[in-house]
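To start, the structure itself, in C-alpha cells.
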Amino acid sequence: MKNVLTAGAALLLSTSIVSAGGVERAAPSVALLYEDGNYLEFSLGYVSPEVSGTQAIPAGPGSPAGSDSGDIADEYWQLGLGYKNDLTDRLSLAVILDEPIGAGVEYADDTTYLYGGGNGASGSTATIDSLGLTTILNYKLPNNINVYGGLRAIQTSGEVVLFNGYEMSTSTETDYGYLVGAGWERPEIAARVSLTYHSEVTHDFDADENGASTEFSTTIPQSVTLEGQTGIAADTLLFGSIRWVDWTEFDISPTNFGLAGGGSLVDYSDDTVTYNIGVGRRFNETWSGAVTAGFEAENGGFSGNLGPTDGNRSLGVALTHTKDAVRITGGVRYIWIGDAETEAPGALGAPDGTTFGEFEDNSGWAAGLRVAYNF
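Each residue of the sequence shown is one higher than the one before, counting from 1 in the numbering used here.
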C-alpha cells in the first residue's frame with residue numbers, strides 16, 4: 001500500500017502554482033528516499049494561472065482609474081527527474097532534478113493599466129528561470145529511524161522589461177546550498193514522518209541595466225518541510241505536509257533601479273507557511289486514487305506589481321495505474337488564488353500606503369503526469 005498510494009500524493013503535493021510561496025514552483029520532497037529498492041521517476045506538469053486586476057486610481061490621462069490589467073500570468077511547464085539507488089542495506093543515494101523557482105509575468109501591450117503598453121513602448125514583462133540538482137545520502141539507523149543530508153545546486157537567471165523603458169537582464173549563475181533531515185517509518189502500517197531543512201542559496205548576479213553593467217545579489221531562501229503519512233484503514237492512507245519558507249530574505253534590487261528611486265523589483269514582507277493534506281485509497285491491485293487539499297494564508301499588506309497574489313487554496317485528485325514494477329500517475333489540481341493589492345508608485349505623487357491595483361477572484365489549474373519504476 002505504501003508505494004502505490006504515495007505516487008499520487010507526491011505528484012499533487014509537488015505541483016505548485018504561480019507565486020505560491022513567493023516564486024516557488026516545485027516544493028522539494030524526500031518521498032523517494034522511502035521507495036523500496038532502486039527507483040526511477042519522471043514527472044511533467046502544466047500550470048495555467050489567471051491573474052488580473054483593476055487600477056484603483058488614475059495614473060495620467062491615458063491611464064484612468066478602472067483600467068484592466070488583463071491576464072498577466074503566463075502558463076508554464078515543469079519537468080522533474082528522481083533517482084534512488086540502494087548502495088548497501090542501510091545506505092542509499094538519491095538524485096533529484098527540478099525547477100525550484102520561476103516567474104512569468106506579462107502585462108499586455110494594449111492595456112491602459114499603468115504597467116501595460118498603453119503608456120509606453122510595450123507592456124511590462126518579467127521572467128525567472130531556474131534548474132536545480134540535489135544529491136542526498138540517506139542512512140538507516142536502528143528503530144526505523146533514518147538521517148540524510150546532501151548538496152543542492154541551483155542555476156538561475158532573469159529578465160525584466162518595464163513600460164517606462166527600463167530593461168534588465170542577469171547573468172546565469174550557479175550556486176550551492178545543502179539540506180539535512182531525519183525521518184521515522186513503520187512500513188507495516190504505512191506510517192512515516194520526515195523533517196527536512198534546506199539552506200539558502202545566494203546568487204551574485206552580473207546585470208545589464210539599459211546597457212550599464214552592474215552587480216547585485218539575490219537569496220533563494222531557507223525552508224523547513226515536515227512530511228508525513230499513516231495508514232488509517234485497510235488500503236487507505238492519510239498524508240500531508242507543512243512547509244515554511246523564509247521569503248522575507250528574497251529581494252531583487254538591481255543597482256541602477258534602486259538608485260533611480262525604484263526600490264525593489266520584487267520583495268516580500270512576510271514568510272509563508274503552506275499546508276497540504278490528502279487521503280489515498282487503493283481500489284485493487286491495479287488502480288488507486290488520491291484527493292488533496294492545500295492552503296496558504298493571505299498575509300495582507302501590499303504585493304508587488306510583478307507578483308500580485310497573496311495566498312491560495314486548492315483541491316486536487318490523482319489516479320495511479322500499477323503494472324508490475326511500473327506506476328503511472330495522472331493528477332489535476334484547481335487553485336483559488338488569494339486577492340492582493342499593490343501600492344501606488346512614488347512617481348505618481350500619491351501618499352504612502354495608497355492602493356494602486358486590486359487583484360481579485362483569480363484562479364488557476366494544474367495537471368501532472370508521473371511515471372515511476374522500481375527495480
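Cβ atoms here follow ideal geometry from the backbone N, Cα and C, with glycine treated the same way.
Q) Below 8 Å, can you find three or more Cβ-Cβ pairs linking the segment 28–36 to the segment 178–190? A) yes
(Q) Which of the three DSSP states is assigned to A108 in this structure? (A) coil
(Q) For A318 and G301, which I take to be in contact (beta-carbon distance under 8 Å), what is that distance rounded to the nearest angstrom? (A) At roughly 34 Å, the Cβ-Cβ gap does not stay under 8 Å, so A318 and G301 are not in contact.
(Q) Can you look up E167 in the DSSP assignment and give me helix, strand or coil? (A) strand
Q: Return the chain-ordered list of same chain residues with a C-beta closer than 6 Å to the C-beta of L114, the five sequence neighbours on each side being excluded.
A: A59, S63
Q. What is the DSSP secondary structure of T248, reduced to helix, strand or coil?
A. helix
Q) Under the rule that 16 or more other beta-carbon atoms within 10 Å means buried, what is F375, buried or exposed? A) exposed
Q | CB of F216 within 9 Å of CB of I242, strictly | A | no
(Q) I'd like to know whether the C-beta atoms of Y148 and A182 end up nearer to each other than 9 Å. (A) yes
Q: Could you have a look at L259 and say whether DSSP puts it in helix, strand or coil?
A: helix
**Q.** Continuous beta strand (DSSP E) assignments of at least 3 residues falling wholly in the segment 37–68
**A.** 39–50
Q.
Would the segment 153–162 count as touching the segment 333–344 if we require 3 or more Cβ pairs under 8 Å?
A. no
(Q) Output needed for T172: all residues of its chain with C-beta closer than 8 Å, excluding positions within five of it in sequence on either side, in chain order. (A) Q155, T156, S157
Q.
Once DSSP output is grouped into helix, strand and coil, what is the label at A96?
A. In the sequence on display, residue 96 carries Ile and not Ala. It is a strand residue.
Q: Would you decide whether F283 is buried or exposed? Buried here means 16 or more other CB atoms lie within 10 Å of its CB.
A: exposed
Q: Report all residues from its chain with a CB closer than 8 Å to the CB of E24; omit the five preceding and five following residues, and keep chain order.
A: S16, P100, I101, V245
Q | Separation of G338 from V180, as counted between CA atoms | A | 32 Å
Q.
Please list the terminal residues of the continuous beta strand (DSSP E) segment that includes L133.
A. 125–140
Q) Which stretch, first to last residue, makes up the beta strand (DSSP E) that contains S213? A) 212–220
**Q.** Segments assigned beta strand (DSSP E), at least 3 residues, entirely inside the segment 273–339
**A.** 287–296, 312–323, 326–337
Q) Just the Cα atoms here: how many angstroms apart are S130 and P254? A) 18 Å
Q.
So for L81, helix, strand or coil by DSSP?
A. strand
**Q.** Spatial distance of V18 from L91 (CA atoms)
**A.** The predicted model places V18 with a pLDDT of 40, which falls under 50 and marks its position as unreliable; any figure quoted below should be read in that light. Whole-angstrom Cα-Cα distance: 37 Å.
Q | Assigned secondary structure, G349 (DSSP; H/G/I helix, E/B strand, else coil) | A | coil
Q) So T274 packs on E249, CB below 8 Å; how close in whole Å? A) With 8 Å as the limit, T274 and E249 do not qualify as a contact, their Cβ atoms being about 17 Å apart.
Q. On the three-state DSSP scale, how would you describe E188?
A. helix
Q: Note down, in chain order, each residue of its chain lying with its Cβ closer than 6 Å to the Cβ of D270, except the 5 sequence neighbours on either side.
A: N299
Q | Three-state secondary structure (DSSP) of A27 | A | coil
Q. The beta strand (DSSP E) spanning E227 covers which residue range?
A. 223–233
Q: Give me the Cα-Cα distance between G311 and S213, rounded to the nearest whole angstrom.
A: 36 Å
Q. For R370, which beta-bridge partners are listed by DSSP?
A. S43, T329
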